[in-house]
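Asks: First the structure, then my questions, so here it is.
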């Protein structure tokens, strides 16, 4: 664990002390090195806890997410080079240090075996994200987006803190390995029902559940590209991961909680997919699509069966890479046309033909076409839900249909059709952007060859 954490922390002095000429090169290569070293965590194991120290350990559930958070840092640094080129060097350094601060916090959050440490890290990731959105966002509305994000997260996670302290006084320990051995404390009385609701609520807001998702489109639209990638690929996964970790403690979940959350999650997947059909703003469309995908993850992780956990795990990883890639593509058109409106950025295929290929690939993975892990995950989740109740197939089926339709409409509006008259010439696509897309899409295409690495099941 430390062999990743310490180099990550040493990225901070690297970013602060590198010469101005080699700043981007140093930080990108260094973080790519860390990302490649972290790949050894993916080796499947029989042991429930690898690398067990007093506070952290690596599990089948956490190792894919840990590798994902290491993998995304170099990609975020690569993606933000263009929009930071006119900033003074001090500000570039501050930006890179803000990005690298998130990584150790995320690594500790995903690998924590102590609930209190998990809670602290869960909250601490909020601060760098807030700085990214409110300082480097594009429009003045970024302040209200930051306030939305802050208050939604804080209000929902205070009850979580109270519940964690309550568990501590009752059991005497917050260590996950010990909690599995003790008897479930939350029984059927209404106070315990409220406690398990509080335990889940913080993660439902973070994930986000439909109805508690209003901060997400705002934050995504206003955030700079690195902020968007961070939010979509990693911070939403904290919510799903928290549900998977802590629902095991409230065994079994009260049926009232079960039904309401499952219904909301599936209905939300349906609703947000139909909202996507009416969106005019590209980034907002991608943000809503991630709400609908995370709805499936929430529904699966509340079911608590092996199949559904495995499906939720695979969907979290593949959605992280897919949505992050879509945000990068949206950003590359935004940097050229300075507009996120779909009507003003249409018909770009003749101008940027190679970018159109990346658009096609990203959209096909988003709508879960056969050779991708997205399809495997969605099928697993749908089978698990169908096994729980046959009626869910109506909701999940319609949601998939709508997902395919809005993804295709997004592809057609941005790439095909007549070019708007105000676009006369566009800057060419750079090697940096193509490398960024390759680093997003290759893991997605390669993972289907060995999906048990990310399926969250001990082999």
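Numbering (mature numbering (1 follows the signal peptide of the UniProt record, and there is no 0)), first residue to last: -19 to -1, 1 to 440.
Glycine is no exception: its CB is placed at the ideal position from the N, C-alpha and C atoms.
1) Taking 8 Å as the cut-off, does the segment 327 to 338 touch the segment 377 to 384 (at least 3 CB pairs, one atom from each stretch)?
2) Rounded to the nearest angstrom, what separates residue 443 and residue 260 at their Cα positions?
3) Classify residue 440 as helix, strand or coil using the three-state DSSP reduction.
4) Quick check on DSSP: helix, strand or coil for residue 237?
5) Closest by CA to residue 58, which one among 38, 126, 51, 77?
6) Buried or exposed for residue 319, please, with buried defined as at least 16 other CB atoms from any protein chain shown within 10 angstroms of its CB.
7) Could you pull out every residue in the same chain whose Cβ sits closer than 7 Å to the Cβ of residue 286, ignoring the five residues on either side in sequence?
8) Count the other CB atoms within 10 Å of the CB of residue 440; is the residue buried (16 or more) or exposed (fewer)?
9) Within the continuous alpha helix (DSSP H) that includes residue 31, where are the two ends?
10) Is it buried or exposed for residue 431, if we count other Cβ within 10 angstroms and need 16 for buried?
11) Within the chosen definition, does the segment 27 to 34 reach the segment 109 to 127 through at least 3 CB pairs nearer than 8 Å?
12) Within 8 Å, do at least three Cβ pairs link the segment 243 to 262 to the segment 155 to 165?
13) Whole angstroms is fine: what's the gap from residue 433's alpha carbon to residue 139's?
14) Please name the residue, chosen from 281, 325, 343, that lies closest to residue 240 on a Cα-to-Cα basis.
15) From residue 358 to residue 317, what does the alpha carbon distance come to, in whole angstroms?
16) So for residue 419, helix, strand or coil by DSSP?
17) From the DSSP output, in three-state form, read off residue 95 for me.
18) If you draw a straight line from the alpha carbon of residue 288 to that of residue 355, how long is it in whole angstroms?
19) Would you kindly check if the distance between the Cβ of residue 271 and the Cβ of residue 304 is under 8 Å?
20) Using only CA atoms, which one of 189, 422, 398 lies nearest to residue 245?
21) Whose C-beta lies closer than 8 Å to the C-beta of residue -8 among residues of the same chain, with five residues either side of it excluded?
22) Apart from the five residues on each side of it in sequence, which residues of its chain come closer than 7 Å, Cβ to Cβ, to residue 180?
23) On a Cα-Cα basis, can you pick out the residue from 108, 336, 110, 109 that is closest to residue 397?
24) With the cut-off set at 8 Å, would you say residue 42 and residue 275 are in Cβ contact?
25) Does the distance between the C-beta of residue 43 and the nearest non-hydrogen atom of the ligand SAM fall short of 7 Å?
26) Assign residue 308 to buried or exposed, taking buried as 16 or more other Cβ atoms, counted over all protein chains shown, within 10 Å of its Cβ.
Replies: So, from the data block:
1) Contact between the segment 377 to 384 and the segment 327 to 338 is absent, because fewer than three Cβ pairs lie under 8 Å.
2) What is shown of the chain runs -19 to 440, which leaves residue 443 out entirely.
3) Summary for residue 440: the model assigns pLDDT 40, below 50, so the residue's position carries little reliability; its value from the coordinates is reported in the next sentence. Under the three-state reduction of DSSP output, residue 440 falls in the coil class, being neither helix nor strand.
4) Looking at residue 237 - three-state DSSP - the assignment turns out to be helix.
5) Nearest C-alpha to residue 58: 77.
6) Classification of residue 319: exposed, given that the 10 Å Cβ count is below 16.
7) Excluding positions up to five away in sequence, the list reads 365.
8) With a pLDDT of 40 at residue 440, under the threshold of 50, the modelled position of this residue cannot be trusted; read the value that follows with caution. Burial call: exposed.
9) According to the DSSP assignment, residue 31 belongs to no alpha helix (DSSP H), since it is labelled neither H nor E.
10) A residue is called buried when at least 16 other Cβ atoms come within 10 angstroms of its Cβ; residue 431 does not meet this threshold and is exposed.
11) The segment 27 to 34 makes no contact with the segment 109 to 127; the number of CB pairs closer than 8 Å stays below 3.
12) Touching, no.
13) Cα to Cα, the separation comes out at about 36 Å.
14) For residue 240, the closest C-alpha among the options 281, 325, 343 is that of 281.
15) Their Cα atoms are separated by approximately 35 Å.
16) Shown here, residue 419 sits in a helix according to DSSP, grouped into three states.
17) Residue state, collapsed to three classes: strand.
18) Their backbone Cα atoms lie some 15 Å apart in a straight line.
19) A contact, by the Cβ cut-off of 8 Å.
20) Taking only the C-alpha atoms, the option nearest residue 245 is 189.
21) Only 78, 81, 82 meet the Cβ criterion.
22) Counting only Cβ-Cβ distances below 7 Å, and skipping sequence neighbours, we find 141, 144, 227, 231.
23) The residue with the shortest Cα to Cα distance from residue 397 is 336.
24) Contact flag unset, no.
25) No copy of the ligand SAM occurs in the structure displayed, which carries no ligand at all.
26) Under a 10 Å Cβ-count criterion, residue 308 is classified as buried, with 16 or more other Cβ atoms of the shown protein chains found around its own Cβ.
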